[in-house]
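Residue numbers (this note's numbering): 196 to 725.
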């Protein structure tokens, strides 16, 4: 049976068939919160890059921030005062928080910080800088000279008529500052200038270097030529029939004399039941927020385990724990081979912090310790985990703290009560006898592990066990008559410690709490009478 290759390896093999010198490009318009739906593109690109490097290709990886695009509208997360900036390039608009150089940087900065945490290190380009430095001038000249040829391609491929006044170049009006309201009236290729009439009433001339930008369907293939891009991932919207990739293929070949990059088309990440993520609609979980709540390798795993052409369902609430569990089980396996090994390798990255403490266990430890890091470290050490890398444990602790605050459902949260909860009054005689017997065994035992606690509770139903015998004695019953359901005993534990009938995984939970505290609490609960 043929070995199943990971999708990133398939991409790399296809690229290498066209040459050993490769450049992978990715990018986005930072017009709003850059969410984990956008993350799929850059993590996909990084996976292809890593596979090409592994296979010996001379490979570059670049990220293009399309920050010279206009602000399309006043998005739900913006104040109405931004209405005056609609139509202006987002690199030329004030920062919403007042702390960044411009609007685009406000959203780009946390995204780039997120890439660092994900172990992704592309060379970053900003479109406004490229346009202003003159890098696009030759492409702009070519596009303006061949305007009619481009219009013909757009019509033939997309099926849509191109307006007579359409131009492949959008000037920035020197009066109103907008990039989508002016019409090109002429250009001088030698002087490298463009004339325009703006709907605001202003007429003027702008330099090709920084005085505007190419329209999207021309800008994208111009970048392929200018940056010599050979591989690029992009969303399925661009890959639709007659879409921007279809027109881009012909424009880059027929207008700019260059081959289009190998495409990696990816599906959307769906946010729970809310549908595809979109910055403009506010249906987002930003990458920066997500990296506050989950280890970066788990986010990489979310992308690596699924082929790009399949959509991904993502829910940061309880289902997130299932995702983390799945990753941790894979990471704990020894002698991984084939596809699983490759998925795990691509989920890891240099610079990512690792700890052997399961995320779900840390949610228990953190809440038992009430977030006190010194107490967390004591519990971690008592549980037998490696405590040598305090930085990683702090990061995991912070992840859990943020998850509990931002996304955790109510049933995942708990608090160890300082005093015996009133709900203990609801326990029946068997449950109270169990707690009294349980307290005696705990008090007389050496240090108990999570597994010890788990097995001890289940021994309550086994006639002849130490715990069962003690319960029988306290009740004055006979072993033959007494039937004990461990599930009811777990309820007694949670009720007496948390004041509720359920809680986290009992073994982890009990082993995270001081043994003397448990013995005292269970003893008090066994004799409690309201």
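Even for Gly, the Cβ is constructed at its ideal location relative to N, Cα and C.
These figures come from a predicted structure and were not determined experimentally.
Problem - DSSP state of residue 321 mapped onto helix, strand, coil - result: strand
Practice task
Measure the CB-CB distance between residue 488 and residue 597 and report whether it falls below 8 Å.
Solution key: yes
Handout entry: Residues that DSSP places opposite residue 230 in a beta bridge
Key = 481
Practice task
Quick one: grab the DSSP three-state call for residue 530.
Solution key: coil
Practice task
Could you tell me the boundaries of the alpha helix (DSSP H) in which residue 666 lies?
Solution key: 661-670
Handout entry: Run of the beta strand (DSSP E) containing residue 685, from where it starts to where it stops
Key = That residue, residue 685, is in no beta strand (DSSP E); its alpha helix (DSSP H) goes 681-693.
Exercise for the section: To the nearest angstrom, report how far apart residue 346 and residue 541 are at their CA atoms. Expected result: 42 Å
Practice task
Tell me where the alpha helix (DSSP H) around residue 715 begins and ends.
Solution key: 710-721
Problem - Residue interval of the beta strand (DSSP E) (run including residue 258) - result: 253-260
Exercise for the section: Would you mind listing the alpha helix (DSSP H) stretches within the stretch 547-615 that are 4+ residues and don't spill past its ends, in chain order? Expected result: 554-563, 568-577 and 585-601
Practice task
Please report how far the alpha carbon of residue 713 lies from the alpha carbon of residue 521, in whole angstroms.
Solution key: The straight-line gap separating the alpha-carbon atoms of residue 713 and residue 521 is approximately 32 Å.
Handout entry: Three-state secondary structure (DSSP) of residue 217
Key = strand
Problem - Cβ pair residue 552, residue 588 closer than 8 Å - result: yes
Practice task
Tell me, please, which residues DSSP counts as bridged to residue 365.
Solution key: BP columns for residue 365 point to 408.
Practice task
Drop a sphere of 10 angstroms on the beta-carbon of residue 199, count the other beta-carbons inside from all chains shown, and report buried for 16 or more, exposed for fewer.
Solution key: exposed
Practice task
Less than 8 Å between the CB atoms is what I'm expecting for residue 401 and residue 389, so what's the real figure, rounded?
Solution key: 6 Å
Practice task
Go through the stretch 378-430 residue by residue and report every complete run of the beta strand (DSSP E) that reaches 3 residues or more, in order.
Solution key: Counting whole runs of 3 or more residues, the stretch 378-430 contains the beta strand (DSSP E) stretches 388-393, 398-402, 407-409 and 426-430.
Handout entry: Under 8 Å between C-beta atoms of residue 696 and residue 682
Key = no
Handout entry: Euclidean distance between Cα positions of residue 300 and residue 464
Key = 24 Å
Problem - residue 660: CB within 7 Å of a non-hydrogen atom of the ligand GTP - result: Only the bare structure without any ligand can be found here, which leaves the ligand GTP out of the picture.
Problem - Length of the line joining the Cα atoms of residue 278 and residue 501 - result: 40 Å
Problem - Sub-8 Å separation of residue 445 and residue 348 beta-carbons - result: Yes.
Practice task
Report yes if the C-beta distance between residue 372 and residue 431 is below 8 Å; otherwise report no.
Solution key: no
Practice task
Answer yes or no: do residue 213 and residue 410 have a C-beta to C-beta separation smaller than 8 Å?
Solution key: no
Problem - Residue range of the unbroken alpha helix (DSSP H) whose run includes residue 305 - result: Under the DSSP assignment, residue 305 falls in the alpha helix (DSSP H) whose first and last residues are 298-312.
Practice task
Quick one: using the 10 Å Cβ neighbour count with 16 as the cut-off for buried, is residue 513 buried or exposed?
Solution key: exposed
Practice task
Let me know the secondary structure DSSP gives residue 460 once reduced to three states.
Solution key: It is a strand residue.
Handout entry: Local conformation of residue 508 per DSSP, three classes
Key = strand
Problem - Where the alpha helix (DSSP H) through residue 201 begins and ends - result: Note, residue 201: premise wrong, no alpha helix (DSSP H); not H, not E.
Problem - Beta-carbon proximity list for residue 205, same chain, < 7 Å, skipping 5 on both sides - result: So no residue of the chain qualifies.
Practice task
Reducing DSSP to helix, strand and coil, say where residue 288 ends up.
Solution key: coil
Handout entry: 8 Å Cβ cutoff met for residue 690 and residue 618
Key = Yes.
Practice task
Answer yes or no: do residue 666 and residue 634 have a C-beta to C-beta separation smaller than 8 Å?
Solution key: Contact flag unset, no.
Handout entry: Touching by the beta-carbon criterion (3+ pairs, under 8 Å), the stretch 576-594 and the stretch 546-564
Key = Taking 8 Å as the limit for Cβ pairs, the verdict is that the stretch 546-564 does touch the stretch 576-594.
Practice task
Please work out which residues of its chain come closer than 7 Å, Cβ to Cβ, to residue 415, disregarding the five sequence neighbours upstream and downstream, and give them in chain order.
Solution key: Take residue 415, set aside five residues on each side of it, and the residues of its chain with a beta-carbon closer than 7 Å to its own are 439 and 443, in chain order.
Handout entry: Straight-line gap, residue 571 to residue 586 (C-alpha atoms, nearest Å)
Key = Their backbone Cα atoms lie some 13 Å apart in a straight line.
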